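Structure, as structure tokens:
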Amino acid sequence: MSVLLVDAGNTRVKGAVYTDGTITPVFQIETPLLDAGRVRAALDETPAYDVQVIASVVRGSASLFASSAEDHVKTVIVDATASLGITVGVPKPDTVGIDRLLMSGEAFSNCGGAVITVGVGTAITVDVVTSAGVYVGGSISPGLRLASWALSEGTSLLPEVDIDEALPDVPRSTMESIRMGIVEGAAGSVDRLVSSLAGGAGLDTYKVVLTGGDAGLLSERLATEHEVLDDLLFQGLAHTYERLSQSV
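Position one of the sequence shown corresponds to residue -15 (the working numbering), numbered consecutively onward.
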């Protein structure tokens, strides 16, 4: 059976087909442009599938996909009550982004013990799972590109910069200074947050996992020992659906 996995994030809505253990990306829509027409066009170009499994942090996106699916397609919207491979141990689980929970659950499955998951996308999230598999919370801060945009929007003269360009040893222009401040500042923040959250959660030993579209940019600047795992959210979606199917 083929399953369409949908990750509706704040910057992009991405789709991938999951078949026989393989995840194949099939479409990507810029979130500000998301509408019924673009969803329908994306689904029309997607290879045949029987189920669509949706994780969304964007209001209204899940219903767009549900209403656009063919009649025979089953829609599963994943939330904090799903079988995520971890226990959500915070007072209001439904207020935690499902992306954070899916990534944390999959990281725990991969590492087999206490893990801190750093998601580097529109926002930078740092989330803690104990060795007992309990999600105990974490932090949220602006992502690299959001920080660049915010500086440009909130000031008169500062430009929005290309975060992907290489960093100099010492910035010699305003654009280099912004880029250095954002990337090195984020790396330092993540290093500190990992240490602080691990201490607060009482973790003696733990692994750190980086994931998300800008994980590579941050990875080379971190002092913290870590592993980069691609497609962690899609993998979490796929395995959550597998657990759901087995329990029915």
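Yeah, the Cβ is synthetic: ideal placement off N, Cα and C, and Gly gets one too. For clarity, every value in this text was computed on a predicted model and none was experimentally measured.
Following the DSSP letters along the chain, one finds L(-11) in no alpha helix (DSSP H) but inside the beta strand (DSSP E) bounded by residues V(-13) to A(-8). Unbroken alpha helix (DSSP H) runs of no fewer than 4 residues, entirely contained in the stretch 78 to 159, are found at 82 to 95 and 128 to 138, following chain order. The stretch 170 to 181 makes no contact with the stretch 141 to 161, as fewer than three CB pairs between them are under 8 Å. Distance from the CA atom of L(-12) to the CA atom of F49, rounded to whole angstroms, is 11 Å. Taking the C-beta atoms as reference points, V72 is found nearer than 8 Å to L85.
Check the Cα spacing between A39 and each of S231, L221, R227 and L142: the tightest is with L221. Bounds of any alpha helix (DSSP H) do not take in L194; it lies within the beta strand (DSSP E) bounded by K191 to T195. Contact between the stretch 82 to 101 and the stretch 213 to 232 is established, with three or more Cβ pairs separated by less than 8 Å.
Judged by DSSP in its simplified three-state form, I70 adopts coil rather than helix or strand. If the five residues before and after V112 are omitted, its C-beta is found closer than 6 Å to the C-beta atoms of I100, V120, G122, L181 and A185, all from its own chain and listed in chain order. In the three-state reduction of the DSSP assignment, V23 falls in the helix class, which pools H, G and I.
Just measuring C-alpha positions, the residue of S(-14), D4 and P9 sitting nearest V(-3) is P9. With fewer than 16 other Cβ atoms inside 10 Å of its own Cβ, H56 counts as exposed. Within the model, the alpha-carbon separation for D83 versus V62 is close to 10 Å. Counting along the chain, no alpha helix (DSSP H) covers A32, and no H or E run does either. If you look at T65, you'll find it isn't in any beta strand (DSSP E); DSSP assigns it neither H nor E. A Cβ-Cβ separation of about 5 Å places L187 in contact with A98 under the 8 Å criterion. Exclusion of the five residues before and after L201 leaves V104, L128, I147, D148 and V167 as the residues of its chain whose Cβ lies within less than 8 Å of its Cβ.
Going by DSSP, T224 is part of the alpha helix (DSSP H) stretching over L216 to S231.
When DSSP states are grouped into helix, strand and coil, P16 belongs to the helix group. Excluding the 5 residues flanking it on each side, R205 has same chain C-beta neighbours closer than 7 Å at V167, E168 and A171, in chain order. As the crow flies, the alpha-carbon of D(-9) is around 35 Å from that of P152. When DSSP states are grouped into helix, strand and coil, E209 belongs to the coil group.
Collapsing the DSSP output to three states places G5 in coil. Under the DSSP assignment, G200 falls in the alpha helix (DSSP H) whose first and last residues are A199 to S203.
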